[in-house]
Each structure stands twice: as structure tokens, then as C-alpha cells.
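Q: Please see the structure below; I have some questions.
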Amino acid sequence: MKKTAIFLALLLFITGLSGCGQQAANQEDAGYYTGREEMPVLSQDSGPAKGGILSLFMTTPDSLNPLYTLNPYVRNLSMFVFDSLFIADGEDSCVNLLAESWQLSDDGVTLDIKLRDKITFHDGSEFSAKDVAFTIEAIRNAGARSPYMDNVANIDSVMVTDRLQVRMIFRKKDPRWQLKMTFPILPEHVFRDWPIDGYDPDQKLIGTGAYRFDAIQDDVISLSRHDDWWYVSAPDGLGHPVWIDRIQFIIHGGEHEMMASFQKNIIDIATVSGNNMDYYANRSDILYSPYVGNRFEYILLSNVGADNRRMENVAFRTILLRYLAGYMTQNPLELGVSAIEEVAWGDMEKRADREEALAALEELGMVYDERKNVLYTFRNGARTPLNLSVRYNSLDLDRETVAEWLQAALNDIGINVVLEKSSEEEEMKAVANGRFDIMVLGSRIPHFSSLEETLELICGNLGLGGEEAVILPLYRKSEAALYSLDIRGAKEPFWKNVYNGWTDWYLVRHGTEQ
């Protein structure tokens, strides 16, 4: 099985962390309950009005240039300072922003974008197609140091055809091209000399967005409202002002400090995941909004196998996955939102029940003993019970639950399953040599991608295709955004943007009862 170091990092990094992360979240949650819940409040909401400061979470940035840092909180900051060609308003949908209109050729590889006119940057300079071309080239030059490298990977060339016209030639047709054009557009005259590594505190972020960059001082990055933001008066724009006066990103030492900071009213928004989400759902002292996260769990079938040749048979693997997909429908895992429906690979859409699976296995030459509930295979002419092993990370309680679920599912069709606890290192070794039967794993959907594309990426790095029946997504983990009661307006978070809806937000004042 072909592997790469990048694939192993993507595939297995989360396996060693999810169990520990769950424990850490539980510790944070225990302290959280002594915080906001004790504060009686009175809301004074007379409707939207300008004013207030919104405080958001940030970890120490290595650069404030959003094209040159993998820090996700700099990405969050950038959406307030910069605009993009298109903006995602959901996981799989987006709308025009700097792009006024576009035309895609019939073969899907030539894209012409017409940009909006009369848009200026915060320093008064004019936005043009040159800034779009510059941004794409800057991402390319940054390579793996840019979080948007994969967003532009399919762009073969970019040309400025007029002041407000840009043409892109794709390497291949991509039905999700629009969602990949959601990176911030930077002004060439400001960022052409911006260092890729580190940043100069004397350099200010300048964009076309709703907020201006003010300063970074005393672990606070300050933004102030740009009252001349073009989108306020655009025909398809807001139709009302941006309400919040200022946004400040409070710099912390790490993500583990988020919940404590929210508890102490240092920040106004936090995110939470894991088993304690239900506790937050019924709290009256905060606003709670759940969404489906980008973390997902899946099972990987080896096409080599631990010690039997059955795993080499693609028909056998296909039957197993079709059966497990059907079993999931009747016996769902209560650990997240089912992800099976998000992919469509040939016969994988045809789920098999118990009888169909057994009939298909017998067509492969196996024999099922109904009385003993044992599925037999033949090795060297001798009838042998079929045994499979399921590996899972011993630090992750959810994966232990999945492994036990797999054991019950396969036992139901006469397959004896041995559960094997593994360390991250042992899993990496097994994936590298293929000497395993089934493994329970997890990963994250990259910001530019979808679940199906991510699974294809994993299979591709294995040197396989999805049609070779080696992978089955099980579920995606739920997360939630927690908001201070001060924040009013539509809150529609999704994993790519927990601040979705911020253009309608306004702040109300709260006070203690007298």
C-alpha cells in the first residue's frame, strides 16, 4: 500500500488526541458551571443600534497575513478586515461578494469573473483585478505555508483581462470551484513586500472589509468599524449599517484557555464539542447554537489483511461495507450525525441487510451455519471459521464504542471479531504495511473540501480509489457555538464560520438586579 508522510499525519494525528481532548473538555466544563450561571441579568433590547465592543478569541499569531499562517483564528479575523470573491453562507453554498458575475465555459475549465466597480481599500486605493491575480500568486508562492494552497491548486493560470475582469484556467473541471474562491483578497500595493515568515508590527492590515485594523497591543488586536464599507449600500448588500463599533481579538496562550476566558467574560463567543454539549443546550445564561463539525470518524479496510487473504478480495470488502452501511441505518451510532449519506461511490449506495449480505458471502464460496451462527471460509481445503480483527486507539472512548458496534454487527453475520487496542505508533505502522483487517480512525474535513473529497484524498494516498471498497464514513461529530447574551441577531454557525450572521449582530447591555 502506497503511503506518504503527509497522509500519515493527516490520517493519524487526530487518533492520538481525541480521547485526551475529550478529557480536557470535561475538566474545562466542570469549572465553567461556576461562572456565568451565577450572574443575574436584565436585558435591555430596544432593537439594533450602533455601539459596543465584541471580544473574540485568538491564539498567538505567527503572522497577521491570512495567506501566510495556518492559525485558524487569524482566518476568523480576516473575514472582518478583508472580502473574498465569494462568501460561504453554508457548508455547501456561497454567494457573490467582490465578484459581480461570472461565466464558466462548457468544458468547465475556463472561468471569467467580472468584479464589482467602485470598491476601495481602507487606505482609499482602488480595488481591481490585479489584486485578485496578486492574491492567487501569493498563495502559490507560499505553498504549504498557506492555508489556501489547496484552494488554488486546480488553477493552472490567472490573467487580468481588464481592470475589473479576471480569467482563470483550471487544470480540470471542479464542481466546487466557487466554494474554493472564498479566500481573502489582499491589496497588492500593501502586501507585495509583506514577509511570509513572521510580521512587522508597524505594518497594518488593509482590506476592503467591514472593519479596519487599528493596532496590536497588550495581547489585544483591535478593529474598528469601517463606516464606508461598500457592501452596506450594494444592491444585494446589507441595507443597514454594521452595528458593532469595535471588535477586539484577545490573544491567549492556547485553545485550552477558551472556556475559562468565556467563563470570566473575557470573550463573548466560545465553541464546545464532546459529550457535555447537552449541558449547555439548556442553559439560560448563554445562547447555544449547535452545528455539524468537520471532525468525522470512519472505518478503513485493509486490502492486504492481518493474516487472511479474504481482505484482498474487493468483492468481500464491498459486501462488508454495504452490510455495515445498512446495519448503521437500523442500529445507528449515537455519537454524532450519520455521514454515510454524504458519499456516493457506485455500489456503496446499495445497502445490504443481513440476509442479503449472507447470500452474497455464500456466492463467494463461504458457508454460513445458522445454528452455530458461524461463517466459514476455506483455507487449504479445510473449513475454517472466519475471524477478523478491529483496531482502535485505546485513548479514545468513542472509538472503543465504534469497535464494539462493529463487533456486534459482524457477529450478527457469523464473523468472529477480535478487538485490538492500538497506540498511535502501532496504527501508523499497520497502515504503512497494511497488516490489519479493519481500523477505526478519524480525521477532519479541510476548509477547502467536502467529506467525499477528503475520503477520496485518503484513498488516493493509499494508492486506491473509493470504488475499491476500503473506506466507510460513519458519523460527523457535533459542535456548538456559545454566545454571550449581549449578542443579538441571527446566529447561523457552521464549521467553516462560527461567526456566520455577524453582519446582523448588535449588542445589548445587561446589568445586575438592584
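Residues -24 to -1, 1 to 490 (mature numbering (1 follows the signal peptide of the UniProt record, and there is no 0)) make up the sequence shown, in order.
Every residue gets a Cβ at the ideal spot worked out from N, C-alpha and C, and that includes glycine.
Here the structure is a predicted model, which is why all the values come from computation and not from measurement.
Between which two residues does the beta strand (DSSP E) carrying residue 32 extend?
A: Counting along the chain, the beta strand (DSSP E) containing residue 32 begins and ends at 29 to 35.
Q: Quick one: what does DSSP say residue 228 is sitting in, helix, strand or coil?
A: Note: residue 228 maps to strand in three-state DSSP.
Q: So, using beta-carbon positions, are residue 29 and residue 224 closer together than 8 Å?
A: The answer is yes: Cβ separation under 8 Å.
Q: For residue 313, which three-state DSSP category applies?
A: Strand, per DSSP.
Q: Could you tell me how far apart the beta carbons of residue 519 and residue 447 are, in whole angstroms, since I believe they sit closer than 8 Å?
A: Only positions -24 to 490 of the chain appear in this structure, which leaves residue 519 out of reach.
Q: Out of 432, 403, 421 and 353, which has the shortest C-alpha to C-alpha gap to residue 391?
A: Cα-wise, what sits closest to residue 391 is 353.
Q: Compare the beta carbon distance of residue 67 and residue 92 with 8 Å and say whether it is the shorter of the two.
A: No, Cβ-Cβ distance for residue 67 and residue 92 is not below 8 Å.
Q: Within a Cβ cutoff of 8 Å, which residues of the same chain sit near residue 242, ignoring the five residues on either side of it in sequence?
A: Result list for residue 242: 31 and 226, in chain order.
Q: Classify residue 184 as helix, strand or coil using the three-state DSSP reduction.
A: Of the three classes helix, strand and coil, the one that applies to residue 184 here is coil, per DSSP.
Q: With C-beta atoms as the reference, is residue 89 less than 8 Å away from residue 61?
A: Yes, Cβ-Cβ distance for residue 89 and residue 61 is below 8 Å.
Q: If you draw a straight line from the alpha carbon of residue 1 to that of residue 133, how long is it in whole angstroms?
A: Model confidence at residue 1 stands at a pLDDT of 37, short of 50, so the residue's coordinates are unreliable; what they give is reported in the following sentence. If I take the Cα positions, the gap works out to 45 Å.
Q: What first and last residue would you give for the beta strand (DSSP E) that runs through residue 447?
A: Residues 447 to 459.
Q: Which residue from 422, 81 and 398 puts its Cα closest to that of residue 412?
A: Per the Cα distances, 398.
Q: Need the endpoints of the beta strand (DSSP E) that residue 415 sits in, please.
A: Residues 414 to 420.
Q: Given a cut-off of 8 Å, decide if residue 483 and residue 264 are closer than it, judged by their beta-carbon atoms.
A: No.
Q: When DSSP labels each residue in this structure, what does residue 147 get in the three-state scheme?
A: If DSSP states are grouped into helix, strand and coil, residue 147 belongs with coil.
Q: Any idea what DSSP makes of residue 247, helix, strand or coil?
A: If DSSP states are grouped into helix, strand and coil, residue 247 belongs with the strands.
Q: In whole angstroms, what separates the C-alpha of residue 288 from that of residue 281?
A: Between residue 288 and residue 281, the C-alpha separation is close to 7 Å.
Q: Just to confirm before moving on: does the CB-CB distance between residue 185 and residue 205 stay below 8 Å?
A: It is a contact, given that the beta carbons lie within the stated cut-off.
Q: Roughly how many whole angstroms lie between the Cα atoms of residue 70 and residue 468?
A: Roughly 14 Å separates the two Cα atoms.
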